[in-house]
Every structure is written in structure tokens, then in C-alpha cells.
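What follows is a short report on a single structure.
Protein chains: 2
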Amino acid sequence: MSALVLDAGTSRRELAGVIAPGDDAHALAAYARSIWAVLVEPGDRVAGELVRALGPVAALRVALTDSRDPGHVSEAGLTADEIGAGRRRWQPRLGAVASTLANARRAGVRLVIPEDREWPARVDDLGPFAPLCLWVRGEVGLLAAPRPAVAIVGARAASGYGEHVAAELAAEAGAAGIAVYSGAAYGIDAAAHRAALSAVGPTIAVMAGGVERAYPSGNRDLIDRIARAGAVVAEVPCGTAPTKHRFLARNRLIAALSDGTVVVEAGWRSGSLNTAHHAQAIGRPVGVVPGPITSASSRGCHRLLREGDAVCITGIDDMRDLVGASVGGALDAGATDAYTGERTRVLDALSLRSPRSTEDIAQRAGFSLDEAAALLGLLELEGRAERRERGWVGVGGMARPAMLW
Amino acid sequence: MSALVLDAGTSRRELAGVIAPGDDAHALAAYARSIWAVLVEPGDRVAGELVRALGPVAALRVALTDSRDPGHVSEAGLTADEIGAGRRRWQPRLGAVASTLANARRAGVRLVIPEDREWPARVDDLGPFAPLCLWVRGEVGLLAAPRPAVAIVGARAASGYGEHVAAELAAEAGAAGIAVYSGAAYGIDAAAHRAALSAVGPTIAVMAGGVERAYPSGNRDLIDRIARAGAVVAEVPCGTAPTKHRFLARNRLIAALSDGTVVVEAGWRSGSLNTAHHAQAIGRPVGVVPGPITSASSRGCHRLLREGDAVCITGIDDMRDLVGASVGGALDAGATDAYTGERTRVLDALSLRSPRSTEDIAQRAGFSLDEAAALLGLLELEGRAERRERGWVGVGGMARPAMLW
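Protein chains in written order, with my numbering: chain A, 7 to 411; chain B, 7 to 411.
Put into C-alpha cells, the structure is as follows:
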């Protein structure tokens with residue numbers, strides 16, 4: 007059916023410089039996945055199930071056999087019709103494999119596959135819709151780095167308010183060591199990437215087309231800067247043009263690559279709402295920056311607040327809560343206020359429910375008894391810790407204004 | 007213990023012109039409650055329990071006996087200590103009764119008690135913290151009118167944005183026949199009252215001091231206009247100065263008099279948050295108008311959105327949903343667009359779950375078959391109705407932007 011040779015030697019040769027060094031099996035898997043990336047549109051469930059069930063190499067062999075071959079149907083839980091239809095849409099694209107890989111080699115693009123330690127495990131939550139591989143320009147190690155990651159997305163037609171807020175949040179995230187993911191579009195996306203770069207924070211642009219092309223072209227300089235200081239990522243291979251479908255598919259990737267998605271500004275039908283819904287679909291938290299109800303650029307945000315399960319984001323603390331970045335953890339990258347950090351360590355050692363002794367808290371937070379007692383006193387004054395009969399507890403939520411009844 | 011005479015003749019004489027005509031029992035109850043209003047601070051739980059258990063007259067007799075008398079303790083579920091302490095705080099105020107009632111007569115203030123049909127049953131949800139009576143300047147009938155009511159409250163130090171939004175919401179509420187309750191303060195409150203008046207909608211100012219005095223005095227003209235076109239209400243009797251405690255107590259009344267509370271703008275520690283918490287405490291919905299996160303005047307609103315159980319309000323439709331005013335119902339007071347009303351009738355006849363035939367919908371909505379079919383077609387185009395195999399269903403919530411998976 008095909009002239010494609012699936013062996014380790016061919017794999018290494020075709021992917022020279024594109025993959026990390028590894029054994030034969032790794033080279034073969036990478037080669038098979040790179041071919042899969044050419045054959046499918048993002049989010050091809052049948053391809054995803056087949057690769058999950060058989061592994062990329064065996065799955066590719068199934069994909070490339072006669073379209074009526076009924077084998078391997080049961081393993082993947084797919085019907086013969088589904089595999090047959092898959093073969094009919096995959097096989098016509100085989101001819102593009104060679105030029106695609108040549109493009110990647112030329113553009114210095116790295117291929118990352120689930121078998122690599124640089125693979126971002128977060129995307130596996132997409133199940134059969136997970137990308138089969140990722141193409142990366144820039145710092146490959148960023149994707150799987152053990153740091154919190156937030157997606158900051160929003161309208162292309164952003165207001166000055168929206169761009170200001172996106173920049174503030176991204177700069178503070180960057181300063182706190184939280185990776186900022188976005189889509190390199192005009193408006194909110196660009197403001198977020200730029201501010202993250204300025205704050206020397208990690209930032210990753212997730213593209214709808216091949217990573218070697220700048221889209222939109224007006225953001226070429228920005229995208230090149232992101233590739234130098236951070237990473238530009240796509241699941242579609244080099245040479246792929248962005249399409250409507252690929253933008254929507256890209257949105258699920260932005261959602262899946264981050265711990266939470268923050269929509270800064272969005273019109274009533276903004277694509278950012280799509281990203282937010284994808285995040286919610288895989289159980290990731292969604293945050294929303296409110297704005298004036300008189301502003302069309304905030305209508306989509308308010309819509310999410312009203313009708314979705316989104317959290318109101320008013321600053322970096324809310325965003326940290328969203329992505330589950332404990333203040334202590336996020337501060338690792340550059341704690342500025344030792345005093346704040348100390349209190350945070352004590353807060354982290356408190357339970358909201360079970361009272362804990364000062365000794366217990368001192369031990370958990372790594373302080374002497376005297377230090378812990380002093381910090382607990384401070385937190386009590388601030389209304390963040392409470393002294394109970396059997397020890398200390400943390401105070402969650404808002405300290406309510408006086409209520410008489 | 008006291009020279010106070012509790013009989014029907016005295017009651018009628020003291021309350022001439024202040025209460026609605028009624029029988030002896032009504033006059034006595036009104037007199038007893040008017041005295042209670044002088045004796046207690048708002049929200050006196052012990053007084054509330056006593057009056058609920060024994061009725062106002064018998065409860066007052068208990069209040070005025072010797073402070074060590076142990077009688078009637080069990081009926082009200084109160085301890086002898088509680089009643090004793092109550093007597094000690096109530097009896098010293100007896101001397102003010104005569105002048106207070108003279109003030110009310112002079113100012114043309116009406117006393118409304120739970121025994122009157124003008125009594126707003128909503129406040130009874132406050133249980134033992136319900137007001138013992140209400141003093142009203144203006145249209146007494148407004149309080150118990152069978153129309154939806156919304157409290158629109160917010161910061162005194164409002165921004166131009168906040169005042170604009172408060173005015174828009176109040177004007178639209180007024181035009182839709184929804185009563186607008188607020189506190190007659192500067193800023194959001196005043197903007198809401200003014201706009202409701204301009205829309206010739208019912209508006210009620212709930213005061214922390216006596217209704218005969220204007221507080222703040224800068225809003226005297228506005229408060230007088232509210233008294234002429236709507237109503238000015240307080241639970242404290244004439245001659246009472248507003249105090250911090252009475253403002254907080256007043257907030258619970260605003261919450262209890264309305265079907266839902268909307269906070270338009272509020273600083274981090276705004277009194278409006280207190281009103282919102284009272285509303286939530288008695289199970290009434292709270293709405294919040296978002297604003298720019300860069301605005302201090304919206305910080306309290308965002309706080310409620312994040313940490314409370316508040317709903318995001320972006321316009322009159324959201325506010326209607328909040329107070330449970332069906333569009334059809336609220337439009338009774340002055341439907342402006344027959345076309346909109348027709349579609350609404352069809353929407354009301356649709357179920358979100360069970361498909362219904364065009365015949366069924368026509369009958370429920372009161373249209374001919376042809377009219378119903380045409381309106382269903384329109385609603386289908388708008389994405390608000392959906393044709394299923396077994397009939398039509400309504401489409402609830404937001405029409406989500408395309409999701410591929």
C-alpha cells in the first residue's frame with residue numbers, strides 16, 4: 007500500500023536533529039508519530055484510540071494497510087467502519103510526509119512525543135483527543151517543567167483595559183515563576199506574551215498552524231522572541247496552514263497544556279469561550295476577569311461568570327489560587343518578601359478544619375516554636391488564623407464585614 | 007411600674023390618623039407595637055421572641071412588669087435572665103413614647119403592623135429579628151403590593167460608571183413594574199431612586215433613622231420626592247437618629263423587603279456587602295454588577311462574586327431572573343413590545359426537557375396553531391427553541407460557541 011519504510015535506521019535519518027537521542031524503539035515511535043501528525047487533523051479520535059491501543063508504530067501499520075482489512079478492530083474498541091473511514095482520510099496525505107520532515111529539520115523544530123521526558127503529561131487528560139506529538143520551536147524543556155502554568159487568553163479586539171489587565175497578570179505570573187500559555191493572537195494574547203517576556207517569565211505560544219510560520223504575521227517579531235526566550239508549540243507539523251478547525255483544536259491544547267485558563271476579555275462569541283469550555287470539559291478551572299458591563303469586550307467574560315462555572319479573577323492572588331500554585335511554591339522562582347513567605351509557610355501548615363498545636367505547626371512549617379508562635383499571632387491579627395481550644399486552624403474565604411445577626 | 011394605659015380608647019386616641027381603621031384588638035395591637043418600637047433597638051431578639059409567643063399586647067405587659075417577675079418565660083423559649091435583661095433595657099425608654107407618637111401624628115406618618123394587610127410578609131423571614139412594626143411616609147400600599155421587588159444598593163463613593171449602571175437598572179426595573187428598594191444614601195442608592203422615579207416606577211427608601219428626618223440631609227429633596235411618589239420606611243419611630251447599629255439593622259430590612267439584592271458598586275468593606283450577606287442569610291438571591299478590576303469601587307462586588315454565592319448581573323434580564331420576575335409577569339405593568347411579549351409567551355410554554363407539540367404549545371401560550379408555528383420558527387432561528395422528533399423544546403442557558411469534541 008505504501009513505500010514508507012518503518013525501521014529504526016530510516017527513522018533516525020528522517021528525524022536527525024528533530025528528536026532527542028534515544029534507542030531504536032524511541033526513534034521508531036517518534037517517526038511513526040511524526041507521520042501520524044501529517045496524516046490526521048488534530049483531535050482525530052479514531053487515530054487517537056488506535057495509537058493508544060496499539061502504540062504509534064503498530065497503529066500506523068494498521069492505518070497503512072488495505073482499507074478493508076478488518077484486523078485490530080477489537081483492541082482499540084473501534085468498528086471496522088471507523089477504521090476503514092480513517093484509512094480513507096489518512097492515506098491520501100502520505101505523500102506529504104517527506105517534505106514535512108524536511109521542513110522541520112530545516113526550521114530547527116524539535117519533535118516531542120509522549121515517550122519523551124519533555125512530554126507535558128497535562129495533555130494526556132484529553133484522552134483519545136490528545137495530540138499524537140508536539141512540534142516545538144524554542145525551549146523544549148519548558149513544557150514539562152514542574153511549575154504551575156496558566157493560560158491567559160482573550161479577544162483579539164481587546165480594549166485598553168483588557169490589554170492592561172492581561173499584561174499585569176502575565177507580568178506578575180512571570181515574576182512568580184508561573185508559565186504563561188497563550189495563542190500569539192493580537193490583543194489579549196499578545197499583551198500576555200509580551201508582559202511575560204518582559205518579566206523574564208516562561209511563556210509558550212500554542213499555534214494553530216505549523217510552528218515555523220508566524221500567524222498572525224503582524225506578530226512575527228513577538229513569535230520569534232517567544233521562540234528564543236520560551237517556546238512556540240503546535241501539534242500540526244511544519245507547513246500546515248491554520249484553519250478554522252485547527253484554531254478550535256488549538257484552543258483545546260491551550261486549555262490542556264495549562265493548569266487553568268483565565269479569560270481576560272471576550273466578546274459574546276469569542277473563541278476564548280471555546281478555550282474556557284475545553285478547560286472545563288477536562289476539569290481544569292476557568293477564571294474570568296470582569297469588566298464594565300457597558301463594554302462589549304467583557305460580555306463573554308460575564309457570560310462565563312453567569313452561566314459557566316468560572317471564578318472571578320481580580321489579581322495575581324486569584325490567579326495563583328486558580329492554578330493551584332501555593333504562594334510558597336510559586337515564589338520559589340524568586341521570593342521577594344521573606345516576611346510574606348514565612349507567613350505563607352505557616353498558613354500552609356494550618357488546616358481549615360483540624361486544630362493543630364503550635365508544636366505541630368512549627369514542625370510542619372520548619373520554624374522554631376517561638377518563631378511559629380509569633381507568626382501565628384500575626385496571622386491571628388490578620389484574621390487568617392484562629393486559636394481554638396485544641397489548637398490553631400486556618401481561616402478560609404473572606405473575613406465578612408460585621409453582621410449583627 | 008408604669009403609668010401607661012393599655013386599652014382600646016387610649017390606643018385609638020394616641021394613634022389617631024397614624025393607623026388604618028380597625029377593631030379594638032387592632033388598635034391595641036398597633037398601640038402596643040408602636041410602644042415596642044420605642045422601647046427596643048432594631049433586631050432585639052428577646053423582644054421579637056416575646057412578641058411572637060404572646061402577641062404584642064401581652065408581651066408588652068410582660069415587658070413592663072417588675073424586672074424580677076419570672077412569668078411567661080417558658081412560652082417564648084427565653085430564660086428569666088434574658089427577659090430580666092430585656093426589661094432593664096426597655097423600661098428606661100418608656101418616657102419617650104408620648105413624644106414619639108406625637109411626632110408621628112404631626113408628620114403624617116403611617117404605622118403598619120403585621121396585623122395589617124399592608125404588612126410586607128417578606129420581612130417575616132427574619133424570624134425573631136423581624137421588625138415589630140414599620141413607619142411609613144407615602145404610599146403604604148406599596149410594601150405589600152404583589153409585584154417583584156429588587157434592592158439596588160452600593161457605595162456612597164460611587165464612580166460615574168456605577169451611578170450610570172445603577173440608574174439604567176433602576177429605570178428598566180421601574181419601567182417593568184419592579185419595585186426598587188434602596189437606602190437613600192449618596193451614590194448608588196440615590197442614583198437608583200432617582201432613575202426609578204424618572205421611570206415612574208415604584209421606589210421605596212428604607213431609613214436607618216426616623217422617616218420624618220432626611221438622612222443624609224443633602225438628599226432631602228430626593229427623599230421628599232420618594233415620599234410623595236413612593237414610600238419612605240423605617241422600623242425605628244419618628245425622632246430616632248440614625249446610628250451605626252441602626253444602619254446595619256436597616257440593611258437587613260432592605261434585604262428582607264425585596265426579592266433579591268443587587269450590589270452595583272462596593273468598596274472592599276462597603277456596607278452593601280452587609281446587605282448582601284443579610285439577603286443570603288435569609289435565602290434571598292444576591293446579584294453583583296462587575297466592573298473594571300482596576301476600580302476600587304468594584305472590589306467589594308468582585309469579592310462577593312468570588313467568595314459569596316452571588317450572581318453576575320449585566321442587565322435588566324439578569325435582574326429579572328434574580329428576583330424571579332418572569333418576563334411576562336413583569337411586563338404586565340406596561341408591556342412595550344407586543345412582539346417580544348408574544349415570543350416570551352411561547353418560550354414560557356416550552357419545556358427544556360419534554361418535547362411538546364405545536365398544538366400543545368399553541369394552547370398553553372394562547373395562540374392559534376399558525377401563530378404558534380410562526381413564533382416557534384422565529385425562536386428556532388434565534389437558537390431559543392429546538393425542533394425534536396417528538397416536538398419542540400426550549401434551549402436553556404447559553405448557546406455555546408462551537409466545540410468540536
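By construction, the Cβ of each residue, glycine as well, lies at the ideal position given by its N, Cα and C atoms.
Helix, strand or coil for residue i? Go by DSSP, reduced to three states.
i	result
Thr246 (chain B)	coil
Trp141 (chain B)	strand
Leu382 (chain B)	helix
Gly403 (chain B)	Because Gly403 (chain B) carries a pLDDT of 44, less than 50, the predicted location of this residue cannot be relied on, and no value is offered for it.
Ser204 (chain B)	helix
Arg226 (chain A)	helix
Thr106 (chain B)	helix
Trp240 (chain A)	A quick correction: the sequence has Ala, not Trp, at residue 240 (chain A). Three-state result, Ala240 (chain A): strand.
Ala362 (chain A)	Sequence inspection shows Arg at residue 362 (chain A); the Ala mentioned does not correspond to that position. Of the three classes helix, strand and coil, the one that applies to Arg362 (chain A) here is strand, per DSSP.
Thr281 (chain B)	helix
Gly133 (chain A)	helix
Gly267 (chain A)	Contrary to the premise, residue 267 (chain A) reads as Thr rather than Gly in this sequence. The answer is strand: DSSP assigns Thr267 (chain A) an E or B state.
Arg162 (chain A)	coil
Ser40 (chain B)	helix
Pro126 (chain A)	coil
Tyr167 (chain A)	helix
Gly334 (chain B)	With a pLDDT of 35 at Gly334 (chain B), under the threshold of 50, the predicted position of this residue should be treated as unreliable, though the coordinate-derived value follows. Helix, per DSSP.
Trp274 (chain A)	coil
Ser303 (chain B)	helix
Leu21 (chain A)	coil
Leu70 (chain A)	helix
Residue i versus chain B: which residues are under 9 angstroms apart at the beta carbon?
i	result
Gly297 (chain A)	Pro296, Gly297, Pro298, Ile299
Val171 (chain A)	Pro298, Ile299, Thr300
Gly321 (chain A)	Ile299
Quick one: what's got a C-beta closer than 7 angstroms to residue i's C-beta in the same chain, skipping five residues either side?
i	result
Leu310 (chain A)	Val269, Leu279, Ala282, Val292, Val294, Ala316
Arg162 (chain B)	Ala191, Tyr192, Gly193
Ile171 (chain A)	Contrary to the premise, residue 171 (chain A) reads as Val rather than Ile in this sequence. Excluding sequence neighbours, Val171 (chain A) sits near Val270, Val295.
Arg58 (chain A)	Pro134
Pro126 (chain B)	Leu149, Ala150, Leu263
Just to check, is the beta-carbon of residue i closer than 6 angstroms to a non-hydrogen atom of the ligand FAD?
i	result
Pro222 (chain A)	Here there are no bound small molecules, and the ligand FAD is not part of this structure.
Starting from the beta carbon of residue i, find every residue of chain A whose beta carbon is closer than 8 angstroms, and list them in chain order.
i	result
Arg326 (chain B)	In chain order: nothing, as chain A lies at least about 13 angstroms away.
Gly15 (chain B)	Those within 8 angstroms of Gly15 (chain B) in chain A number zero; the least Cβ separation is about 37 angstroms.
So which residues of chain A does residue i contact, with C-beta pairs closer than 7 angstroms?
i	result
Cys318 (chain B)	His308, Leu311, Arg312
Gly6 (chain B)	Given that chain B is displayed from residue 7 to residue 411, the structure contains no residue 6 (chain B) and the question cannot be resolved.
I'd like the list of long-range same chain contacts for residue i, defined as Cβ closer than 6 angstroms, with 5 residues on each side in sequence excluded.
i	result
Gly49 (chain A)	Phe135, Ala255
Arg390 (chain B)	Val401
Ala233 (chain B)	Arg143, Gly144
Glu169 (chain B)	Ala197
Leu45 (chain A)	Trp96, Arg99
Pull up the DSSP beta-bridge partners for residue i, would you.
i	result
Thr209 (chain A)	A:Val186
Leu117 (chain B)	B:Trp141
Arg393 (chain A)	A:Trp398
Ile288 (chain A)	Paired residue(s): none; Ile288 (chain A) is not in a bridge.
Cys318 (chain B)	B:Val294
Val156 (chain B)	B:Val186, B:Gly266
Tell me which same chain residues have a C-beta within less than 8 angstroms of the C-beta of residue i, skipping the five on either side of it?
i	result
Asp343 (chain B)	Confidence at Asp343 (chain B) is low in this model, with a pLDDT of 29, below 50, so its placement is unreliable and no value can be given for it.
Ala22 (chain A)	Arg111
Ala54 (chain A)	It is Gly, not Ala, that sits at residue 54 (chain A) in the sequence shown. If we look at Gly54 (chain A) and ignore the five residues flanking it on each side, its Cβ neighbours are Gly133, Pro134, Phe135, Ala136, Leu138.
Arg362 (chain B)	Ala355, Leu356, Arg370, Gly397, Trp398, Val399
Leu56 (chain A)	Ala65, Val68, Ala69, His78, Ala82, Leu84, Ile89, Gly92
Ala35 (chain A)	Gly61, Pro62, Val63, Ile119, Glu121
Asn225 (chain B)	Ala190, Ala191, Tyr192, Ala196
Gly289 (chain B)	Asp131
Leu10 (chain A)	Ile41, Leu70, Leu100, Val103
Ala214 (chain B)	Gly189, Tyr221, Ala240, Val242, Pro248, Thr249, Arg252, Phe253, Ala255, Arg256
For residue i, which residues in chain A fall below 9 angstroms Cβ to Cβ?
i	result
Gly245 (chain B)	Within 9 angstroms Cβ-Cβ: nothing; Gly245 (chain B) doesn't reach chain A, min ~22 angstroms.
Under 9 angstroms, CB to CB, which of the residues in the segment 153–179 of chain A have a partner in chain B?
Interface annotation for the segment 153–179 of chain A against chain B: Tyr167, His170, Val171, Glu174, criterion Cβ-Cβ distance under 9 angstroms.
Give me the subset of the segment 388–400 of chain A whose CB atoms are less than 7 angstroms from a CB atom of chain B, sorted by chain position.
none
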